[in-house]
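Notes follow the structure.
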Ligand code: ADP
């Protein structure tokens with residue numbers, strides 16, 4: 016059976032840290048679906064969903080086994096629909112761990128078939144966060160070093 020993983024996130028914006036998790040995830044999975052969640056509690060985005068779909072697709076254009084989709088429903092349901100049995104997530108620090116621990120327990124409850132798999136950030140990307148990039152960009156700072164594509 017094909018191992019399909021869903022890599023869900025807000026990706027507002029998608030960063031080099033996210034790219035690293037996806038590329039490393041390919042060692043574990045046959046196919047990875049990068050899924051941009053919107054319309055949840057973080058519904059007011061800074062970067063448009065359509066722009067991110069375009070930029071993430073560009074980033075992985077050489078990888079036929081990486082897909083980019085959007086969703087606005089329960090992650091566990093979306094995974095089931097796309098026959099993804101794994102949720103891929105990245106961990107930078109204990110704050111990520113606390114959050115990821117809670118959501119993975121809920122996701123397991125909602126879809127017992129779904130296993131969450133966590134990759135520890137590569138050290139060179141550990142400090143990259145979408146929220147800091149948004150702040151820098153808002154005040155016209157250069158964020159190109161943190162993104163795997165040109166804005
Ligand atoms: P969410 O809003 O669901 O937390 P994000 O877009 O912020 O979505 O992040 C998606 C996933 O990527 C999360 O598991 C997050 O911990 C992880 N992540 C974010 N930045 C990095 C990074 N620099 N290195 C590794 N993982 C990261």
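Numbering (our numbering), first residue to last: 16 to 166.
C-beta: ideal position from N, C-alpha, C; glycine also.
Here the structure is a predicted model, which is why all the values come from computation and not from measurement.
Residue pairing by DSSP places residue 30 in no beta bridge whatsoever.
Taking a C-beta distance under 8 Å as the contact criterion, residue 64 and residue 53 qualify as a contact pair. Between the alpha carbons of residue 42 and residue 156 lies a distance of about 35 Å. Look at residue 19: its beta carbon is at least 7 Å from all of the heavy atoms in the ligand ADP. In chain order, 20, 130 and 132 place their CB closer than 6 Å to the CB of residue 101, counting only its own chain and leaving out the 5 sequence neighbours on each side. The continuous alpha helix (DSSP H) containing residue 148 extends over residues 145-153. Non-local C-beta neighbours of residue 93 in its own chain, meaning closer than 6 Å and more than five positions away in sequence, comprise 86, ordered along the chain. Only exposed fits residue 69, as fewer than 16 other CB atoms lie within 10 angstroms of its CB. For residue 60, the shortest C-beta to heavy atom distance toward the ligand ADP is 7 Å or greater.
In the three-state reduction of the DSSP assignment, residue 72 falls in the helix class, which pools H, G and I. Judged by the Cβ position, residue 105 qualifies as a neighbour of the ligand ADP at the 7 Å threshold, a heavy atom of the ligand being closer than this. CA-CA distance, residue 119 to residue 159, rounds to 32 Å.
About 6 Å separates the beta carbons of residue 28 and residue 67, which is inside the 8 Å limit, making them a contact pair. Per DSSP, the continuous alpha helix (DSSP H) segment holding residue 119 begins and ends at 109-125.
Restricting attention to 16, 76 and 134, the CA atom closest to the CA of residue 103 is found in 134.
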